[in-house]
Amino acid sequence: MALTLTRDTKDTLIVTQCGAEAIAFLKIYGVLPAATAFIALYAKMSNVFSKKTLFYVTVVPFFVFFALFGWLIYPNAASLHPTLESMQTMLGAGAATGGGMTVLAKICANWTSALFYVMAEIYSSVSVGLLFWQFANDVVTIEQAKRFYPLFAQMSGIAPILAGQYVVRYVSRAADFTIGMHRLTVAITFAGVMICFFYRQATNYLEQVEAAQPSTEAATKLVGAKPKKKKPKMSMTESAKFLASSQYLRLVAMLVLGYGLSVNFTEIMWKSLVKKQYPDPMDYQRFMGNVSSAVGLATCIVIFFGVHVIRLLGWRVGAMATPTIMSLLAVPFFACIFMGLDSPARLHTAVVIGTIQSLLSKTSKYALFDPTTQMAYIPLDEESKVKGKAAIDVLGSRIGKSGGSLIQQGLVFWFGNILNAAPAVSVIFYAVLLTWASAANRLSGLFKAQTEMANQQSEGDDKKKA
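First residue of the sequence shown? That's 9 in my numbering, and the numbers climb one at a time after it.
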């Protein structure tokens with residue numbers, strides 16, 4: 009719920025104040041440096057704190073910032089922001105310099121919203137991609153993952169439904185956007201408290217199970233996890249070298265990079281169209297709230313098929329499904345843009361098609377891409393799970409999205425805006441999808457081999473004990 013609320017809020021702030029093209033600039037100059045700093049800090053903290061303490065130390069600062077932004081920073085934004093004219097003069101932005109410098113001037117003139125965007129982007133990777141799935145990987149076996157991981161994704165689909173309708177029926181009906189931010193902050197803070205509460209309950213239960221068992225092996229059997237070896241301490245440089253030396257992790261990184269790049273290409277164009285149709289922040293927020301609810305509902309429905317796809321057809325089909333679906337859905341979206349947006353009817357049609365494309369792409373991502381990607385970590389040793397997963401899920405996904413943003417940033421400078429660059433974007437988009445699908449195909453063989461190796465080792469250990 010917190011993820012959905014902060015994600016929709018950051019988009020509303022940036023798209024309506026700076027334009028959708030600003031997202032490409034922020035991911036390069038804001039999100040990527042922040043993600044790099046975070047992963048270095050997280051790797052250091054993972055060597056110092058226990059897993060339980062590490063969770064709280066990581067997640068609590070985000071919710072402190074979100075609360076401060078909603079109650080203190082945003083209400084005083086007018087006194088904190090410089091004027092757009094002063095930033096344009098400072099940067100020399102104008103018709104002669106092209107759209108890129110104008111976008112940068114708008115970002116600087118709305119720097120508090122840009123800061124919120126960066127924090128919300130980092131949180132989106134940290135909350136689900138790192139903290140939740142890392143905890144799940146610690147207590148779920150490979151056999152159980154085929155059944156439970158898609159169900160985790162299904163449960164996560166309920167939150168966008170609730171969060172989206174909270175925005176549509178309560179937040180967007182506020183007298184102004186400042187009051188709406190207060191209402192959002194209350195919900196985000198509540199979600200943060202509940203996250204910490206449920207994590208505490210889960211870890212306390214596991215500790216009670218361990219205390220009640222005569223041995224660690226019995227305890228781990230009860231919770232369905234394998235005994236873990238003590239994690240070796242590594243520096244950030246050593247972690248990077250380790251990641252680079254592993255073909256398996258490199259292929260997992262290519263999957264994450266592929267999704268980050270491809271989704272960035274279509275989403276910025278779609279959000280640019282949505283802003284054209286809904287320039288008012290409250291209207292834009294209401295529209296995105298309905299989209300979030302639709303994504304959650306579609307995920308809950310499609311997940312039933314995802315469970316059977318992964319269980320019956322195997323990991324490979326589940327991993328290949330998302331790039332295949334995205335490639336098919338993008339055809340009518342790009343075609344609609346190529347036909348022109350010179351009338352309200354065509355703009356509306358483009359928004360509808362883009363919304364469907366975004367909706368189904370996200371649904372396949374949550375239902376199939378996330379479970380299969382997280383399953384790929386399970387056969388790995390503890391060191392690879394913690395250090396390699398952190399590097400891929402946080403830094404890797406940021407590089408993917410930032411790489412796409414860098415390309416689009418150059419296209420904005422060249423073509424003036426992202427919609428004019430649609431032909432070039434479409435070519436790059438399909439090249440990325442092809443590379444992504446190839447990496448998934450190669451990783452499927454390694455995943456099968458790693459799984460068989462892990463099972464044989466487990467059987468050997470059981471025979472020795474017997």
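Every residue, glycine too, gets a C-beta built ideally from N, C-alpha and C.
Compute the distance between the beta-carbons of residue 129 and residue 39, then report whether it is under 8 angstroms.
If you number the sequence shown from 1, residue 129 lands on position 121. If you number the sequence shown from 1, residue 39 lands on position 31. A contact, by the Cβ cut-off of 8 angstroms.
For residue 157 and residue 356, I'd like the C-alpha separation in whole angstroms.
If you number the sequence shown from 1, residue 157 lands on position 149. If you number the sequence shown from 1, residue 356 lands on position 348. Cα to Cα, the separation comes out at about 37 angstroms.
Do residue 253 and residue 396 count as a contact pair if the criterion is CB distance below 8 angstroms?
In the sequence shown, the residue the question calls residue 396 occupies position 388. In the sequence shown, the residue the question calls residue 253 occupies position 245. For residue 396 and residue 253, no; Cβs fall outside 8 angstroms.
DSSP three-state label for residue 9, please.
Counted from its first residue, the sequence shown places residue 9 at position 1. It is coil, neither helix nor strand.
Is the distance from the Cβ of residue 47 to the Cβ of residue 257 below 8 angstroms?
Numbered from 1 along the sequence shown, position 39 holds the residue referred to as residue 47. Numbered from 1 along the sequence shown, position 249 holds the residue referred to as residue 257. In this structure, residue 257 does not lie closer than 8 angstroms to residue 47 by Cβ.
Taking all protein chains shown into account, decide if residue 141 is buried (16 or more other Cβ within 10 angstroms of its Cβ) or exposed.
Reading the sequence shown from its first residue, position 133 is the one you call residue 141. When all chains shown are included, residue 141 counts as buried.
Quick one: what's got a C-beta closer than 8 angstroms to residue 427's C-beta in the same chain, skipping five residues either side?
Within the sequence shown, the letter at position 419 stands for residue 427. Cβ within range, chain order: 277, 280, 281, 345, 349.
So, helix, strand or coil for residue 165, using DSSP?
For the purposes of this step, residue 165 is taken as the residue at position 157 of the sequence shown. In the structure shown, residue 165 sits in coil (DSSP, three-state: anything other than H, G, I, E or B).
Taking all protein chains shown into account, do 16 or more other C-beta atoms lie within 10 angstroms of the C-beta of residue 482, making it buried, or fewer, making it exposed?
One cannot answer for residue 482 here, as it falls past the ends of the chain, which runs 9 to 474.
Anyone know if the C-beta pair for residue 84 and residue 26 falls short of 8 angstroms?
Within the sequence shown, numbered from 1, the residue matching residue 84 stands at position 76. Within the sequence shown, numbered from 1, the residue matching residue 26 stands at position 18. Their beta carbons are not under 8 angstroms apart, which means residue 84 does not touch residue 26 by this criterion.
Look up residue 298 in the DSSP assignment and say whether it is helix, strand or coil.
Here residue 298 refers to the residue found at position 290 when the sequence shown is read from its first residue. Helix, per DSSP.
Report the three-state DSSP secondary structure of residue 14 (helix, strand or coil).
For this step, residue 14 is matched to residue 6 along the sequence shown. If DSSP states are grouped into helix, strand and coil, residue 14 belongs with the helices.
Give every residue of the same chain whose Cβ lies closer than 8 angstroms to the Cβ of residue 541, excluding the five residues on either side of it in the sequence, and list them in chain order.
In the structure displayed, the chain extends from 9 to 474; residue 541 sits before or after that span and is not available.
Quick check: the Cα distance between residue 446 and residue 44, rounded to an integer number of angstroms?
In the sequence shown, the residue the question calls residue 446 occupies position 438. In the sequence shown, the residue the question calls residue 44 occupies position 36. For residue 446 and residue 44, the distance between alpha carbons rounds to 27 angstroms.
What did DSSP end up calling residue 89 once you bin it into helix, strand or coil?
One-based indexing of the sequence shown puts residue 89 at position 81. Note: residue 89 maps to coil in three-state DSSP.
Out of curiosity, what's the CA-to-CA distance linking residue 317 and residue 452?
By one-based count along the sequence shown, residue 317 stands at place 309. By one-based count along the sequence shown, residue 452 stands at place 444. Those two C-alpha atoms are separated by around 15 angstroms.
Rank 144, 81, 398, 159 by C-alpha distance to the C-alpha of residue 374 and give the top, closest one.
Stepping through the sequence shown from its first residue, residue 374 is reached at position 366. The candidate whose alpha carbon is nearest that of residue 374 is 159.
Roughly how many angstroms lie between the CA atoms of residue 421 and residue 81, to the nearest whole one?
Here residue 421 refers to the residue found at position 413 when the sequence shown is read from its first residue. Here residue 81 refers to the residue found at position 73 when the sequence shown is read from its first residue. Computed Cα separation, rounded: 31 angstroms.
Residue 116: which of 136, 55, 34 sits nearest, CA to CA?
As a position in the sequence shown, residue 116 is number 108, starting the count at 1. The shortest Cα separation from residue 116 among 136, 55, 34 belongs to 34.
Do residue 211 and residue 78 have their C-beta atoms within less than 8 angstroms of each other?
By one-based count along the sequence shown, residue 211 stands at place 203. By one-based count along the sequence shown, residue 78 stands at place 70. The answer is no: Cβ separation not under 8 angstroms.
What's the C-alpha gap between residue 209 and residue 200?
Translated into positions along the sequence shown, residue 209 becomes position 201. Translated into positions along the sequence shown, residue 200 becomes position 192. So the alpha carbons of these two residues sit roughly 14 angstroms apart.
Under 8 angstroms, do residue 19 and residue 175 count as touching if we go by C-beta distance?
In the sequence shown, the residue the question calls residue 19 occupies position 11. In the sequence shown, the residue the question calls residue 175 occupies position 167. No, the Cβ-Cβ distance between residue 19 and residue 175 is not below 8 angstroms.
Within the same chain, show all residues whose beta-carbon is closer than 6 angstroms to that of residue 330, passing over the 5 residues directly before and after it, in chain order.
Here residue 330 refers to the residue found at position 322 when the sequence shown is read from its first residue. Here the set comprises 372, 373, 376, 377.
Tell me whether residue 202 sits in a helix, a strand or coil according to DSSP, three-state version.
Residue mapping note: residue 202 aligns to position 194 of the sequence shown, counting from 1. Residue 202 falls in the helix class under three-state DSSP.
Residue 387 and residue 448 look like a contact to me (Cβ under 8 angstroms); what is the Cβ gap, rounded to whole Å?
Stepping through the sequence shown from its first residue, residue 387 is reached at position 379. Stepping through the sequence shown from its first residue, residue 448 is reached at position 440. At roughly 16 angstroms, the Cβ-Cβ gap does not stay under 8 angstroms, so residue 387 and residue 448 are not in contact.
Starting from the N-terminal side, write out each stretch of the beta strand (DSSP E) that is 3 residues or longer and does not extend beyond the stretch 31-56.
None, since the stretch 31-56 contains no complete beta strand (DSSP E) of that length.
For residue 152 and residue 219, what's the separation of their Cα atoms in angstroms?
As a first step, residue 152 must be located in the sequence shown, where it is residue number 144. As a first step, residue 219 must be located in the sequence shown, where it is residue number 211. Rounded to whole angstroms, residue 152 to residue 219 spans 24 angstroms at the Cα level.
For residue 309, count the other beta carbons within 10 Å of its own beta carbon; 16 or more makes it buried, fewer makes it exposed. Which is it?
The sequence position of residue 309 within the sequence shown is 301, counting from 1. The residue is exposed, with fewer than 16 neighbouring Cβ atoms inside 10 Å.
Below 7 angstroms CB to CB, which residues in the same chain sit around residue 414 once its five sequence neighbours on both sides are set aside?
Sequence index remark: in the sequence shown, residue 414 carries index 406 (1-based). Hits under 7 angstroms: 36.
Hey, how far is the Cα of residue 9 from the Cα of residue 442?
For the purposes of this step, residue 9 is taken as residue 1 along the sequence shown, with counting starting at 1. For the purposes of this step, residue 442 is taken as residue 434 along the sequence shown, with counting starting at 1. If I take the Cα positions, the gap works out to 33 angstroms.
Does DSSP put residue 459 in a helix, a strand or coil?
Looking up residue 459 in the sequence shown gives position 451. Here residue 459 sits in helix by DSSP.
Exposed or buried, what is residue 319 when buried is set at 16 or more other beta-carbons lying within 10 Å of its beta-carbon?
Translated into the one-based positions of the sequence shown, residue 319 becomes position 311. Answer is exposed; the Cβ neighbour count stays below 16.
Considering Cα atoms alone, identify which of 90, 70, 297 is closest to residue 179.
Taking the sequence shown and counting its residues from 1, the one referred to as residue 179 is at position 171. Here the closest residue by C-alpha is 297.
Need the endpoints of the alpha helix (DSSP H) that residue 264 sits in, please.
Position 256 of the sequence shown holds residue 264. First-last of the alpha helix (DSSP H) with residue 264: 255-285.
Report the CB separation of residue 269 from residue 412 in whole angstroms; it is logged as a contact under 8 angstroms.
Sequence index remark: in the sequence shown, residue 269 carries index 261 (1-based). Sequence index remark: in the sequence shown, residue 412 carries index 404 (1-based). With 8 angstroms as the limit, residue 269 and residue 412 qualify as a contact, their Cβ atoms being about 4 angstroms apart.
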